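Asker:
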Amino acid sequence: MAGSGSPGYSGDNGPALAASLNYPQGVTTDNNGNLYIADTSNNVIRKVTPGGIISTIAGNGVAGYNGYNGPGTSVELNQPVAVAVDNSGNVFLADTYKQSRAENDSRRYITTIAGTGIFSCNYGNLLPDIGYPSGIVFDETGNLLVSDDGCGTIWKITAAAGAIGKTDLNAVPQALAIDPSGNLYFPESMANIVQALAPSGAVTTVAGNGTRGFAGDNGPALNAEFYSPYGVAVDSTCSVLIADTFNNRIRKVASPLTVTPTGVFLDASGQFGPPLSVTPAPGCAWTSATSAPWIDITSGGGSGPGTLNFSVQANTTGAPRTGALTIGGQSVSVTQRETSKVFTDVTPSAYYFDFAGVMYAAKITDGCSTNPPQYCPDSPTTRAQMAVFLITAIERGNSFTYTSTPYFTDAPASGPYFKFIQKLKDLGITGGCSATTFCPDDPITRAQMAVFVIVSRYGKVPYTYPATPYFTDVPANSPYFPFVQKMAQAGITAGCAPQLFCPANPLTRGQMSVFIVTGLLNELLPPGMPAMVSVVPGSAAPGQSITVTLTGQNTHFAQGATPISTPPGITASNMTVVNATALTVELSVDANFVTGPVSLVALTGTEEAVLPNGFTVQ
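With this note's numbering, letter number 87 in the sequence shown gets 90, and the count goes up by one each step, no holes.
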């Protein structure tokens with residue numbers, strides 16, 4: 004806005020950008036948009052009009068103390084460092100090395116209003132001795148506040164009577180800034196902190212831990228490190244701006260404000276989000292913004308309490324996405340799930356929301372009731388329900404062949420779960436809870452489900468698992484250890500808590516949806532997890548040989564280093580790697596192979612990509 008970048012004193016009555024300044028420090032504006040500059044080492048105060056023309060309004064460029072009570076441009080100043088303007092257009096300056104305060108009114112007539120020009124901290128009359136005045140600012144009622152870093156004092160010159168008072172501090176205040184509530188902010192450069200003086204007289208630290216350095220951005224202000232902060236300002240949102248001088252940065256402490264809710268979860272449909280209630284500090288404005296292209300702010304911002312309204316576009320990415328609304332200095336996360344809301348008892352904030360939605364979309368379940376549509380996510384999963392979920396996911400539907408003679412006395416042919424339980428036995432996934440019973444109404448535990456999911460995921464394809472336990476409650480000597488280990492390695496589970504799997508806990512329907520969708524459908528896996536996503540063609544007849552293309556995601560297929568594992572009765576040969584995520588391979592099916600879906604596994608070093616039940620022999 005002003006200054007050519009070359010130190011000097013030139014350019015008056017011309018373009019401000021062409022003018023030379025010399026170590027400018029204090030700046031302020033008036034109600035008409037004029038900019039005032041304490042051009043410190045030139046010993047003058049300069050003014051820049053809204054049109055960009057610069058002029059000198061106080062000081063003749065000579066360091067001294069002559070010319071007071073005369074024209075402003077005839078006075079000698081000595082290192083003025085701060086400037087302020089009252090509502091009447093009078094300009095006030097801090098003339099540091101004369102230990103004084105001067106007023107320059109609209110007639111360019113300059114007077115001393117505080118300070119005798121003698122370095123002292125004496126007090127008791129209208130012109131007390133002042134140490135080193137370093138900052139000036141007006142409060143809301145027109146009182147002039149002056150920081151005195153020589154005396155550790157803040158002086159107050161009242162608007163009504165011109166009386167002067169002071170507040171002694173155990174501090175060395177530099178520049179001053181004030182918010183609408185009357186809190187006065189000042190940096191202590193030697194202590195590397197910024198403090199606030201409340202109207203009550205209480206002094207608190209608002210930024211800095213007292214350690215010289217540069218640290219703490221995007222964290223609590225009291226944990227931050229500064230290096231000799233000298234300048235301070237308060238913007239319209241009541242955020243505190245700090246000139247972190249020897250770090251060569253301007254840093255911001257956001258104004259305290261309350262936003263509710265602090266996080267938003269939405270389904271995949273395009274919609275308006277819930278209105279956010281915003282309560283800033285008294286007299287403070289607030290603004291809103293977002294960098295997420297799929298979030299649109301429809302209204303939000305202003306002075307005082309208000310509401311932010313926003314909408315989101317439909318999520319067609321095939322994965323959950325998260326963006327943020329920035330309100331003042333606060334960030335409100337907006338998470339949009341992959342699927343649209345189906346069940347009334349599964350809200351978008353639930354961790355299993357998308358998993359239940361995928362279960363519905365894949366026609367694996369319609370929920371526990373249809374009027375209203377509910378999923379009953381917290382209900383325990385019975386062994387019979389588990390049979391339905393597993394077989395429907397394996398067969399990708401309800402149409403399949405099965406042995407008609409009952410295997411279990413408690414799962415008769417007339418039962419609603421009969422064909423699913425029979426198919427579980429046909430595929431070798433279960434032997435029942437005893438030799439002759441299935442126990443269909445018993446709740447299933449998390450450990451039991453690990454067995455069912457892993458056996459269903461790999462079929463008869465052999466697999467390995469890590470020897471070091473992931474969970475302290477499933478040790479290596481547990482009968483469930485291989486299955487739980489493989490669940491964790493494949494990204495199907497992270498346990499019930501850090502380092503815990505809770506193997507004996509009943510499995511809820513919500514947890515079941517996660518295991519089914521990740522373990523058998525290969526969907527909603529953790530980001531970056533390798534997986535096989537398709538095989539084309541997807542089927543072959545017994546006795547047939549066919550060349551197929553396998554496509555992976557997050558894989559690193561390599562020629563000669565990526566073998567394909569198949570169940571007994573299917574042989575893989577003549578493999579060619581197309582690229583890191585695609586390969587071709589010839590699959591030869593034995594003539595007597597039992598028809599049905601089978602799994603394929605590509606292993607590149609320790610990187611495993613599985614296609615669960617994705618190739619069909621028919």
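Glycine included, each C-beta is placed from N, C-alpha and C at the ideal position. Quantities reported herein were computed from a predicted structural model and do not represent experimental measurements.
So which of Val30, Ala61 and Ser9 has the shortest CA-CA distance to Ala178?
Answerer: Val30
Asker: Taking the straight line between their C-alpha atoms, what separation do you get for Gln621 and Ile367?
Answerer: Those two C-alpha atoms are separated by around 22 Å.
Asker: If you draw a straight line from the C-alpha of Asp181 to the C-alpha of Ser23, how long is it?
Answerer: The amino acid at residue 181 is misidentified as Asp; the sequence shows Ile. Going from the Cα of Ile181 to the Cα of Ser23 covers about 30 Å.
Asker: How should Thr569 be labelled, buried or exposed, when 16 other C-beta atoms within 10 angstroms of its C-beta is the threshold for buried?
Answerer: buried
Asker: Which ranges would you report for the beta strand (DSSP E) in the segment 198 to 261 if only whole runs of at least 3 residues count?
Answerer: 206 to 210, 232 to 237, 243 to 247 and 252 to 256
Asker: In whole angstroms, give me the CA-to-CA distance for Ile394 and Pro571.
Answerer: 21 Å
Asker: To the nearest angstrom, how far is it from the Cα of Asn577 to the Cα of Leu606?
Answerer: One C-alpha to the other measures close to 16 Å.
Asker: To which residues of the same chain is Ala491 closer than 6 Å at the C-beta, ignoring the five residues directly before and after it?
Answerer: Tyr473
Asker: For the alpha helix (DSSP H) that Gln488 lies in, which residues bound it at each end?
Answerer: That run of the alpha helix (DSSP H) goes Phe484 to Gln492.
Asker: According to DSSP, what are the bridge partners of Phe268?
Answerer: Thr338
Asker: Does the Cβ of Tyr26 have 16 or more other Cβ atoms within 10 Å, making it buried, or fewer, making it exposed?
Answerer: exposed
Asker: Whose C-beta lies closer than 8 Å to the C-beta of Glu610 among residues of the same chain, with five residues either side of it excluded?
Answerer: Pro533, Thr558 and His559
Asker: Is the beta carbon of Thr310 closer than 8 Å to that of Ser280?
Answerer: yes
Asker: For a quick check, are the C-beta atoms of Pro176 and Ser150 less than 8 Å apart?
Answerer: yes
Asker: Hey, is the segment 346 to 358 in contact with the segment 301 to 316, meaning 3+ C-beta pairs nearer than 8 Å?
Answerer: no
Asker: Please go through the same chain and pick out, in chain order, the residues whose beta-carbon is closer than 7 Å to the beta-carbon of Val622, but skip the five residues on each side of it.
Answerer: Outside the displayed span of the chain (4 to 621) sits residue 622, for which this structure offers no information.
Asker: Scan the segment 414 to 460 and note each continuous alpha helix (DSSP H) run of 4 residues or more that stays entirely inside, going in chain order.
Answerer: Within the segment 414 to 460, the complete alpha helix (DSSP H) segments at least 4 residues long are 421 to 429, listed from N- to C-terminus.
Asker: Around the C-beta of Gly6, are 16 or more other C-beta atoms found within 10 angstroms, so that it is buried, or is it exposed?
Answerer: buried
Asker: Taking its Cβ as the centre, do 16 or more other Cβ atoms sit within 10 Å of Ile253, making it buried, or is it exposed?
Answerer: If you draw a 10 Å sphere on the C-beta of Ile253, you find fewer than 16 other C-beta atoms in it, and that means exposed.
Asker: Can you check whether the CB of Ile549 is closer than 8 Å to the CB of Leu503?
Answerer: In this structure, Ile549 does not lie closer than 8 Å to Leu503 by Cβ.
Asker: Cβ of Thr496 within 8 Å of Cβ of Phe518?
Answerer: The answer is yes: Cβ separation under 8 Å.
Asker: Would you list the residues sitting across from Ile60 in a DSSP beta bridge?
Answerer: According to DSSP, Ile60 bridges with nothing at all.
Asker: Assuming Val456 and Tyr420 form a contact by the criterion Cβ under 8 Å, report the distance between their Cβ atoms to the nearest whole angstrom.
Answerer: About 18 Å separates the two Cβ atoms, so there is no contact after all.
Asker: In the structure shown, what three-state DSSP assignment does Arg111 receive?
Answerer: In this predicted model, Arg111 has a pLDDT of only 39, less than 50, meaning its place in the structure is not dependable; the value taken from the coordinates is given anyway. Note: Arg111 maps to coil in three-state DSSP.
Asker: Tell me which residue opens and which closes the beta strand (DSSP E) that Ala612 is part of.
Answerer: Glu610 to Val620
Asker: Would you report the Cα separation of Val613 and Ala414, rounded to the nearest angstrom?
Answerer: Val613 and Ala414: Cα-Cα distance of roughly 32 Å.
Asker: Could you name the residues of the same chain whose beta carbon sits closer than 7 Å to that of Thr406, not counting the 5 residues immediately before and after it, in chain order?
Answerer: Gln425 and Asp429
Asker: What does the Cβ neighbour count give for Asn16, buried or exposed, with the cut at 16 atoms within 10 Å?
Answerer: exposed
Asker: Closer than 8 Å is the cut-off here; do at least three beta carbon pairs connect the segment 260 to 279 with the segment 214 to 223?
Answerer: no
Asker: Is it the case that the Cβ atoms of Gly70 and Ser77 are separated by a distance below 8 Å?
Answerer: yes
Asker: Using the C-alpha atoms, what's the distance from Tyr188 back to Lys255?
Answerer: Taking the straight line joining both Cα atoms gives about 13 Å.
Asker: Can you tell me whether DSSP reads Ser192 as helix, strand or coil?
Answerer: In this structure, DSSP gives Ser192 a state outside helix and strand, which the three-state scheme calls coil.
Asker: Just curious, the beta strand (DSSP E) that Ala87 is in, first and last residue?
Answerer: Annotation: the continuous beta strand (DSSP E) that includes Ala87 extends over Pro83 to Val88.
Asker: List the endpoints of the continuous beta strand (DSSP E) containing Gln547.
Answerer: First-last for Gln547: undefined, no H or E at that position.
Asker: How should Gln198 be labelled, buried or exposed, when 16 other C-beta atoms within 10 angstroms of its C-beta is the threshold for buried?
Answerer: Label assigned to Gln198: buried.
Asker: Excluding sequence positions up to five away, which residues of its chain have a Cβ less than 6 Å from the Cβ of Tyr410?
Answerer: Lys428
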